[in-house]
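Positions 1 to 687 (UniProt numbering) are the ones given, in order, by the first sequence.
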Amino acid sequence: MLSKLPTNLPPHLALKFIKVYSNSGDLQRARHLFDKIPQPDLPTWTILISALTKHGRSLEAIQYYNDFRHKNCVEPDKLLLLSVAKACASLRDVMNAKRVHEDAIRFGFCSDVLLGNALIDMYGKCRCSEGARLVFDGMPFRDVISWTSMASCYVNCGLLREALGAFRKMGLNGERPNSVTVSSILPACADLKDLKSGREVHGFVVRNGMIGNVFVSSALVNMYASCLSIRQAQLVFDSMSRRDTVSWNVLITAYFLNKECEKGLSVFGRMMSGGVELNYASWNAVIGGCMQNGRTEKALEVLSQMQNSGFKPNQITITSVLPACTNLESLRGGKQIHGYIFRHRFFQDLTTTTALVFVYAKCGDLELSRRVFSMMPKRDTVSWNTMIIANSMHGNGEEALLLFREMLDSGVRPNSVTFTGVLSGCSHSRLVDESLLIFDSMSRDHSVEPDADHHSCMVDVLSRAGRLEEAYEFIKKMPIEPTAGAWGALLGGCRVYKNVELGRIAANRLFEIEPDNPGNYVLLSNILVSAKLWSEASETRKLMRDRGVTKNPGCSWIQVRNRVHTFVVGDKSNDQSDEIYRFLDYMGEKMRIAGYLPNTDFVLQDVDQEEKEEVLCNHSEKLAVAFGILNLNGESSIRVFKNLRICGDCHNAIKFMAKIVGVQIIVRDSLRFHHFRNGLCSCRDFW
DNA sequence: CCAGACAGCG
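(1) Relative to the C-alpha of K423, which candidate in L195, D445 and P450 has its C-alpha closest?
(2) Which residues in the same chain as C650 place their Cβ atom closer than 7 Å to its Cβ, once the five residues preceding and following it in sequence are excluded?
(3) Tell me whether V20 sits in a helix, a strand or coil according to DSSP, three-state version.
(4) So the beta strand (DSSP E) residue 723 belongs to, where does it begin and stop?
(5) At 4 residues or longer, and completely inside the region 609 to 670: list those alpha helix (DSSP H) runs for me, N to C.
(6) On the three-state DSSP scale, how would you describe V549?
(7) Would you list, in sequence order, the uninterrupted alpha helix (DSSP H) runs of no fewer than 4 residues that lie entirely inside the region 177 to 264?
(8) Please state the DSSP three-state secondary structure of D606.
(9) Below 9 Å between beta carbons: does that hold for A465 and I475?
(10) Measure the CB-CB distance between G397 and R430 and report whether it falls below 9 Å.
(11) Determine the direct distance from the alpha carbon of H338 to that of S637, and round the result to whole angstroms.
(12) Fully enclosed by the region 563 to 608, which beta strand (DSSP E) runs are 3 residues long or longer?
(13) Is there contact between the region 519 to 529 and the region 487 to 500, where contact requires at least three CB pairs shorter than 8 Å?
(14) Given a cut-off of 9 Å on the beta-carbon distance, is the pair V302 and P313 in contact?
(15) Using a threshold of 9 Å, state whether the C-beta atoms of F439 and W557 are closer than that.
(16) Does the Cβ-Cβ distance between L195 and S229 come in under 9 Å?
(17) Could you give the C-beta distance for S83 and T44, rounded to a whole number, given that I count them as a contact under 8 Å?
(18) I need the straight-line Cα distance from P187 to S179, nearest angstrom please.
(19) What are the boundary residues of the beta strand (DSSP E) that I37 is part of?
(20) Whether or not the region 107 to 121 and the region 132 to 148 are in contact is what I'm after, with contact meaning three or more pairs of Cβ atoms, one per stretch, closer than 8 Å; do they touch?
(21) Just verifying my parser: in three-state terms, what is the DSSP assignment at residue 688?
(22) Go ahead and label S184 buried or exposed: buried means 16 or more other beta carbons lie within 10 angstroms of its beta carbon, across all protein chains shown.
(23) Could you have a look at C555 and say whether DSSP puts it in helix, strand or coil?
(24) So, does the region 571 to 590 touch the region 529 to 540, judging by three or more C-beta pairs under 8 Å?
(25) For I287, I'd like the list of residues in its chain whose CB is within less than 8 Å of its CB, leaving aside the five on either flank, ordered along the chain.
(26) Based on the DSSP output, what are the partners of H674 in its beta bridges?
(27) Just to confirm the assignment: which complete alpha helix (DSSP H) runs, minimum length 4, are found wholly within the region 120 to 160?
(28) Starting from R495, trace the alpha helix (DSSP H) in both directions and tell me its first and last residue.
(29) By the three-class DSSP mapping on this structure, what secondary structure does V286 have?
(30) What is the DSSP secondary structure of V560, reduced to helix, strand or coil?
(31) Can you check DSSP and say which residues form a bridge with C681?
(32) Which residue from S463, N173, V357 and H455 puts its Cα closest to that of P479?
(33) Give the straight-line distance between the Cα atoms of F676 and N327, rounded to the nearest whole angstrom.
(34) Are the beta-carbon atoms belonging to N23 and A51 less than 9 Å from one another?
(35) Here's the rule I'm using: 16 or more other beta-carbon atoms within 10 Å means buried, otherwise exposed. How should V564 be labelled?
(36) Quick one: which unbroken alpha helix (DSSP H) runs of 4-plus residues sit fully inside the region 492 to 529? Chain order, please.
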């Protein structure tokens with residue numbers, strides 16, 4: 001067909017045909033015809049470029065615009081620049097945005113409000129507030145749209161206070177905000193959780209009769225929800241005369257955000273039975289909401305419901321349910337979703353890939369985590385943080401530190417999470433001097449003020465290095481109130497280095513701050529027992545009992561093939577229990593020969609020595625490890641998960657087991673990962 | 001020429 005088109009048309013006819021084709025959306029023909037014209041005139045360029053933009057073919061529009069700039073001596077007109085500005089906005093193409101801006105200045109369109117507004121909007125979509133400001137400040141006249149575009153640009157750039165400032169200032173400059181302004185500004189109040197400003201805007205909305213606008217009222221519901229004023233959110237929703245899918249989605253999100261899962265689910269139910277059209281955001285809001293509230297099983301149930309309704313999980317769905325694979329510690333599930341991500345080419349997306357990096361790390365497979373990270377085309381603060389934290393969890397402080405330096409070199413700015421990650425990595429690897437340097441540089445070089453967690457990390461660094469007095473001094477000199485994290489770090493150090501005196505001080509503070517945490521009583525009791533202060537140890541346990549605090553039952557689990565097998569202390573409920581105990585007996589003998597001595601300090605019950613040793617053999621982590629070894633199936637490593645900190649005797653015993661059996665044993669306890677290999681643990685015995 | 005909801009890190 002194309003070949004049959006007339007060629008060598010006179011210009012006025014070519015323009016006519018290009019116009020017809022462009023308007024009917026047949027851009028293939030329009031382009032074909034255009035490309036044959038040796039010297040297209042301005043109206044022809046404009047027609048083609050604006051048609052391309054209008055039909056979402058922004059990349060082509062920009063290509064033609066650059067052609068136009070290169071080979072043309074014709075000046076662009078306003079309409080042409082407007083179209084290209086729009087194309088740049090939709091592609092967030094800052095480089096070409098600047099060219100359009102340049103041309104607008106060069107050809108004297110600076111004083112045009114319409115084009116100026118379009119340029120502000122373009123810069124806003126490109127997240128370039130400096131550019132937008134330049135245009136805005138240079139405008140001789142500004143209207144509501146100029147102000148709204150500027151405020152909207154600030155919101156896009158995360159400059160929320162500036163956005164609110166623009167909203168307030170425009171009134172002083174004689175421009176009255178319209179409903180678009182209001183719905184641009186409310187998300188800023190929401191993100192800032194600034195209920196006061198939000199109410200102020202709400203008042204403005206009521207006074208100006210904008211409440212009937214569905215954009216405005218949905219934004220109000222969202223604002224109240226973000227500020228955790230769920231009743232207000234519901235009231236606004238109830239008062240709405242007209243509601244669309246987004247209004248409902250916002251209300252669903254509101255309840256999940258306020259931790260009211262059942263209400264969120266029931267709103268979703270009412271939405272479905274009321275015949276309101278569902279979209280991806282509706283499903284994702286429910287699935288994501290369940291995930292955020294720890295309702296993993298429910299999330300997966302809604303996921304299959306979603307698929308049954310003909311919605312294929314999209315990038316956001318996948319990113320929301322990925323953490324389910326860490327909640328269940330299901331590496332296999334993670335790999336399945338990885339396949340899905342790969343097949344659907346969700347790989348370019350930073351958020352999705354970052355979530356995957358984290359899932360692999362949390363499932364215990366740091367190698368896979370590294371591999372996904374290394375394939376990421378670009379990385380932002382969160383993705384670097386994730387990889388740093390992954391290494392810290394696995395006890396690779398040196399690598400965490402290297403990644404941190406690499407992150408700085410690549411020009412990505414660290415935030416407070418970055419430092420928590422690096423510092424905790426340092427503490428696990430005993431990198432004391434390095435972490436002191438980094439701690440000092442936080443505020444000075446990176447304008448991140450150390451918070452309570454960072455201080456706790458430093459106490460941990462010093463405590464694990466055995467510098468307990470220094471750690472205590474550090475706590476005493478802290479500019480902020482020491483948290484349970486700080487005292488807990490000191491107490492942990494006291495356990496490792498058997499320091500009774502400081503252990504008592506730390507524990508007594510902890511008994512005040514978090515009287516219900518059983519771990520603190522257990523730790524102090526362990527310290528006292530190892531110092532042979534039996535009566536004081538039993539006093540501690542009595543204190544715990546008197547306060548009605550009970551030790552959380554320890555439990556360990558391991559996934560073999562598709563099933564998760566769970567063990568508690570002395571568990572005999574597993575199908576292979578007999579085999580497990582026989583194996584542990586046999587192992588015990590071999591371990592003793594290799595030099596293993598049971599450490600009964602970790603037994604809390606008042607029983608005699610022989611019984612104590614027996615109780616040790618029963619610990620859930622030992623049972624799970626034994627089960628794993630018995631079901632290796634040719635794998636060279638096993639992964640065990642435990643809900644509490646690993647017991648010291650088990651830690652020692654597993655080192656022997658890993659050496660004797662010749663496998664890698666990975667145990668994730670409540671704090672970190674331990675990689676046991678060849679008689680050693682990656683934590684270098686500072687668990 | 002200006003507006004909304006759903007996703008990642010301790």
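The C-beta atom is built at its ideal place from N, Cα and C for all residues, glycine as well.
With the structure as the only source:
(1) By one-based count along the first sequence, residue 423 stands at place 423. The sequence shown places Leu at residue 423, rather than the Lys named in the question. The shortest C-alpha to C-alpha distance from L423 to any of L195, D445 and P450 is the one to P450.
(2) The residue given as residue 650 occupies position 650 in the first sequence. For C650, same chain residues with a beta-carbon under 7 Å away, outside a window of 5 residues either side, are H619, E621 and K622 in chain order.
(3) For the purposes of this step, residue 20 is identified with residue 20 of the first sequence, where counting begins at 1. Reduced to three states, the DSSP call for V20 is helix.
(4) Shown here, the chain extends from 1 to 687; a query on residue 723 therefore has no answer.
(5) Listed in chain order, they are 609 to 617, 620 to 630 and 648 to 661.
(6) In the first sequence, counting from the first residue as 1, residue 549 sits at position 549. Reduced to three states, the DSSP call for V549 is coil.
(7) Counting only runs of 4+ residues, the alpha helix (DSSP H) found wholly inside the region 177 to 264 occupies 179 to 192, 195 to 207, 214 to 226, 230 to 239 and 245 to 257, in chain order.
(8) Walking along the first sequence from the start, residue 606 turns up at place 606. In this prediction, D606 has a pLDDT of 49, which is less than 50 and means its spatial position is unreliable; nothing more can be read from the coordinates.
(9) Position 465 of the first sequence, counting from 1, holds the residue named residue 465. Position 475 of the first sequence, counting from 1, holds the residue named residue 475. Taking 9 Å as the cut-off, the beta carbon of A465 is found no closer than this to the beta carbon of I475.
(10) In the first sequence, the residue the question calls residue 397 occupies position 397. In the first sequence, the residue the question calls residue 430 occupies position 430. With a cutoff of 9 Å on beta-carbon distance, G397 and R430 are scored as near each other.
(11) The residue labelled residue 637 in the question sits at position 637 within the first sequence. The residue labelled residue 338 in the question sits at position 338 within the first sequence. The straight-line gap from Cα to Cα measures roughly 21 Å.
(12) Fully enclosed beta strand (DSSP E) runs of 3 or longer: 563 to 568.
(13) They touch, by the three-pair rule.
(14) Within the first sequence, numbered from 1, the residue matching residue 302 stands at position 302. Within the first sequence, numbered from 1, the residue matching residue 313 stands at position 313. When the beta-carbon positions are compared, V302 and P313 stay at least 9 Å from each other.
(15) To locate residue 439, count along the first sequence from 1; it is residue 439. To locate residue 557, count along the first sequence from 1; it is residue 557. Using a Cβ distance threshold of 9 Å, F439 and W557 do not count as a contacting pair.
(16) Mapped onto the first sequence, residue 195 falls at position 195. Mapped onto the first sequence, residue 229 falls at position 229. Yes; because the gap between Cβ atoms is below 9 Å, this pair is in contact.
(17) Walking along the first sequence from the start, residue 83 turns up at place 83. Walking along the first sequence from the start, residue 44 turns up at place 44. Rounded, the Cβ-Cβ distance is 13 Å, inconsistent with contact.
(18) Numbered from its first residue, the first sequence carries residue 187 at position 187. Numbered from its first residue, the first sequence carries residue 179 at position 179. Roughly 13 Å between the two C-alpha positions.
(19) For the purposes of this step, residue 37 is taken as the residue at position 37 of the first sequence. No beta strand (DSSP E) contains I37, which DSSP labels as neither H nor E.
(20) Because the criterion of three Cβ pairs below 8 Å is met, the region 132 to 148 and the region 107 to 121 touch.
(21) Residue 688 lies beyond the stretch modelled for the chain, which goes from 1 to 687, so this question has no answer here.
(22) The sequence position of residue 184 within the first sequence is 184, counting from 1. Looking at its Cβ environment, which holds 16 or more other Cβ atoms inside 10 Å, S184 is buried.
(23) Along the first sequence, one-based indexing puts residue 555 at 555. Residue state for C555 is assigned as strand, using DSSP reduced to three classes.
(24) They do not touch, by the three-pair rule.
(25) Counting from 1 along the first sequence, the entry for residue 287 is found at position 287. Only A299, V302, L303, M306, T317, S320 and V321 meet the Cβ criterion.
(26) Residue mapping note: residue 674 aligns to position 674 of the first sequence, counting from 1. For H674, which the question treats as bridged, DSSP gives the partners V667.
(27) The DSSP assignment places complete alpha helix (DSSP H) segments of no fewer than 4 residues inside the region 120 to 160 at 129 to 138 and 144 to 156, in order along the chain.
(28) Taking the first sequence and counting its residues from 1, one reaches residue 495 at position 495. For R495, the uninterrupted alpha helix (DSSP H) segment begins and ends at A484 to V496.
(29) On the first sequence, position 286 is the one that residue 286 refers to. In the structure shown, V286 sits in a helix (DSSP, three-state: H, G or I).
(30) Mapped onto the first sequence, residue 560 falls at position 560. The answer is strand: DSSP assigns V560 an E or B state.
(31) Residue 681 sits at position 681 when you count from the first residue of the first sequence. Bridge partners of C681: F676.
(32) Residue numbering aside, residue 479 sits at position 479 when the first sequence is read from its first letter. Of the listed residues, the one whose Cα sits closest to P479 is H455.
(33) By 1-based counting over the first sequence, the position of residue 676 is 676. By 1-based counting over the first sequence, the position of residue 327 is 327. For F676 and N327, the distance between alpha carbons rounds to 23 Å.
(34) Here residue 23 refers to the residue found at position 23 when the first sequence is read from its first residue. Here residue 51 refers to the residue found at position 51 when the first sequence is read from its first residue. Between N23 and A51, the C-beta gap is smaller than 9 Å, which places the two residues in contact.
(35) Working through the first sequence from its first residue, we reach residue 564 at position 564. Under this definition V564 is an exposed residue.
(36) Taking only runs of at least 4 residues, the alpha helix (DSSP H) segments lying wholly in the region 492 to 529 are 500 to 513.
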